[in-house]
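Residue 22 is where the sequence shown starts when you use this note's numbering, and the numbers rise one by one after that.
Using N, Cα and C, we set each Cβ at its ideal position, and we do this for glycine too.
This structure is a prediction, so every number in the text was calculated from the model and none was measured.
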Amino acid sequence: MRRMRARTLVLDERRVDALRARFVRALADERRIVRVEALCRLGDTLVHGAKERFGACDPFFVLVHRRLPIVITRAAVDRLRASLQAVWPPTVEVIAAVFRAAGADARLEELPPGEDELPGLGVRVEAFDCDGRVVVALVPADRDVDVRKLGCDSVSPADVPPFPFTGSKVVLDSSLLPEPTVWLEAGSERHVVGVAPSQLLQIVDAQTGDLVVEA
Numbered sequence: 022m023r024r025m026r027a028r029t030l031v032l033d034e035r036r037v038d039a040l041r042a043r044f045v046r047a048l049a050d051e052r053r054i055v056r057v058e059a060l061c062r063l064g065d066t067l068v069h070g071a072k073e074r075f076g077a078c079d080p081f082f083v084l085v086h087r088r089l090p091i092v093i094t095r096a097a098v099d100r101l102r103a104s105l106q107a108v109w110p111p112t113v114e115v116i117a118a119v120f121r122a123a124g125a126d127a128r129l130e131e132l133p134p135g136e137d138e139l140p141g142l143g144v145r146v147e148a149f150d151c152d153g154r155v156v157v158a159l160v161p162a163d164r165d166v167d168v169r170k171l172g173c174d175s176v177s178p179a180d181v182p183p184f185p186f187t188g189s190k191v192v193l194d195s196s197l198l199p200e201p202t203v204w205l206e207a208g209s210e211r212h213v214v215g216v217a218p219s220q221l222l223q224i225v226d227a228q229t230g231d232l233v234v235e236a
């Protein structure tokens, strides 16, 4: 048996169709997410935790890291994915689930304590009672909505409905369209999601228009 350092993986034997892995642990401390459901960096954090036998199992993939090969099994990845799904608070997970279901190339992040600066251009969400119907306006965070542009005879502020604003008329300000990514609050003041405006349009079933007060 070839011995390796304890921070990787111990292999009993090599086979053409499978690798028999004995001591496996998946991601002890790397818990960041690049996209809503993507796994981030794999490497030094693949270390042994519990003596668990997986028997003969097909490798999920093999990664050459520094001088030592790292074998990541499907079982290890499944356990990692299950642990990551429990990271977000319930209100944030509801929004994350919407983006996952849509297959969006989105990025969900938690802002560090004491920080309120977004990673990019922010989107403010405002709702209005427009002639008896709720209209949701998505505008740049540093701009104000010109209610006259909503085209309503009677307009007043309203509570923002739950994301993705189902049943409401949603309008995204056209000035957001050229941006590669826009960021909006995702279930709490500390959580934000970044997504391309074109994908956001589809997810919230929005139309575009000129909504902001002229500078």
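In the DSSP assignment, find the alpha helix (DSSP H) that holds residue i and state where it starts and stops.
| i | result |
| --- | --- |
| Pro111 | Pro111 to Ala123 |
| Ser7 | What the structure shows of the chain is the stretch from 22 to 236, and residue 7 is not part of that stretch, so it cannot be assessed. |
| Pro218 | Pro218 to Ile224 |
What is the residue span of the beta strand (DSSP E) that residue i lies within?
| i | result |
| --- | --- |
| Ser209 | Val203 to Ser209 |
| Glu138 | Where Glu138 is concerned, there is no enclosing beta strand (DSSP E), given that its DSSP letter is neither H nor E. |
| Ser177 | Val176 to Ala179 |
| Ala158 | Arg154 to Pro161 |
| Glu235 | Premise fails: Glu235 is in no beta strand (DSSP E) and is neither H nor E. |
State the DSSP-derived secondary structure class of residue i, mapped to helix, strand or coil.
| i | result |
| --- | --- |
| Val168 | helix |
| Thr229 | strand |
| Ser189 | coil |
| Phe184 | coil |
| Asp150 | strand |
| Leu40 | In this predicted model, Leu40 has a pLDDT of only 33, less than 50, meaning its place in the structure is not dependable; the value taken from the coordinates is given anyway. Three-state DSSP puts Leu40 in a strand. |
Go through its chain and collect everything with a Cβ distance to residue i's Cβ below 8 Å, but skip five positions before and after it.
| i | result |
| --- | --- |
| Asp165 | Val233 and Val234 |
| Val224 | Before going on, a small fix: residue 224 reads as Ile here, not Val. Here the set comprises Val119, Phe120, Ala123, Ala125, Pro185 and Val216. |
| Arg154 | Ser189 and Lys190 |
| Pro182 | Ala148, Val155, Val157, Gly188 and Ser189 |
Among the residues of its own chain, which have a CB less than 7 Å from the CB of residue i, if the five just before and after it don't count?
| i | result |
| --- | --- |
| Leu116 | According to the sequence displayed, residue 116 carries Ile and not Leu. Excluding residues within five positions, the ones whose Cβ falls inside 7 Å are Phe184, Ala207, Gly208 and Val214. |
| Glu200 | Leu142 and Pro218 |
| Cys173 | Cys151 and Asp152 |
I'd like the list of long-range same chain contacts for residue i, defined as Cβ closer than 6 Å, with 5 residues on each side in sequence excluded.
| i | result |
| --- | --- |
| Asp226 | none |
Examine the Cβ distances between the region 133-148 and the region 161-181 and report whether three or more of them are shorter than 8 Å.
yes
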